[in-house]
Structures are given as structure tokens and as C-alpha cells.
Ligand code: HEM
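In full-length UniProt numbering, the protein residues as written are 2 to 147.
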């Protein structure tokens, strides 16, 4: 994957402007509410009974932050996202058995939350860069599936 200077700068800019904890919490909650079948992987998280329970579940909040920290690693290793996520891909496929279609759903949830946080500065050009970044992440996470 090739990154232009604008794309590199925009990715760093997005990550510098967002609060990982809040964005991660909101994005994972949104994913679990909008695409309820994604809840099945989080049986150990306890009560995910409805939207309020999901948003109020501290394990969801903690895991949202974990996901964003994973994304930060990708943002800091743009030239080797695949290599950066090899272990994470193995974990999601061989241990967690997460259907890789779900990666895109979480990526879309992240996009919506980032858009709401950045407001007017989330221009179409910025969205295009975030979309490309998340598409590369989704592809890297799916790499170890066969
Ligand atoms: C665990 C990242 C998508 C389900 C993790 C971990 C990270 C991570 C960093 C912790 C790994 C560790 O403890 O070593 C990501 C990223 C995603 C993504 C960056 C996409 C943007 C998904 C999706 C699902 C999922 C879509 C399910 C629908 C899980 C589960 C765990 C996990 C069940 C283990 C949680 C636990 O028991 O603590 N993920 N993930 N992940 N992920 Fe993902």
C-alpha cells in the first residue's frame, strides 16, 4: 500500500484529535447495538441485554480502548500494517473465530463516531483517507484466515 504525504499527515491528525477511550467506547457500543450478532463473541462481557446495558458495561468501554490502541499501532506503522497485525489476525481467526465480515462493521462504526467528533473538519477528503486506512486494517486482520 502506498501513502501520500497528505494521507500520512491526515491519519496522524485524526489520531491526535480523538480521545481513544471515548471513541473506542462509543464505536464498540454502536457496533454491538446496530449489528447485534457481533455480541456473540463477547459472551464473557456479561450484560449486553439492550443499548443502555451495552453503553454502561465497563468491559465494553475497556475493550473499545483496546481496539483503538490496536489501531494506533497501525497508524504508527503505515508501511507495515499487515506485519503489525499478523498476531492479531491469528487471534481473531483461530482463537476467537470472529467472522471477518464483522471487521468492516466495526470500522464503519468507528468512522461514524470519528465523524461526529471531528464535525466540520471531517471533510470528504478526510473521510476518504480514514476509509482507506480502515480498509487496509480490515484486510490485514483478515489475512490469516483461510
Ligand atoms: C480482542 C483489535 C475487530 C472481537 C482484540 C484485541 C485487540 C483487538 C487489540 C486484544 C488482543 C489481545 O488481548 O492480545 C481489534 C481491531 C478490530 C477488531 C483493531 C477492527 C477494527 C473485532 C470484531 C470483533 C472482535 C469486529 C467481533 C465482532 C474480539 C474479541 C476479543 C478481541 C472477542 C477478545 C476480548 C476479550 O476477551 O478481552 N481485538 N479487533 N474484534 N476482539 Fe478484536
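The beta carbon of each residue, even a glycine, is placed where N, CA and C say it ideally should be.
Bounds of the alpha helix (DSSP H) holding residue 22 are 21-35.
Here the segment 121-138 makes contact with the segment 74-89; the two share three or more CB pairs at distances below 8 Å.
Contact between the segment 65-80 and the segment 35-55 is not established, with fewer than three Cβ pairs separated by less than 8 Å. Its chain contains 12 and 16 as the residues whose beta carbon lies nearer than 6 Å to that of residue 76, once the 5 sequence neighbours on both sides are disregarded; these appear in chain order. About 20 Å separates the Cβ atoms of residue 93 and residue 112, ruling out a contact at the 8 Å cut-off. Cβ contact annotation for residue 105 (same chain, cutoff 6 Å, sequence separation greater than five): 139, in chain order.
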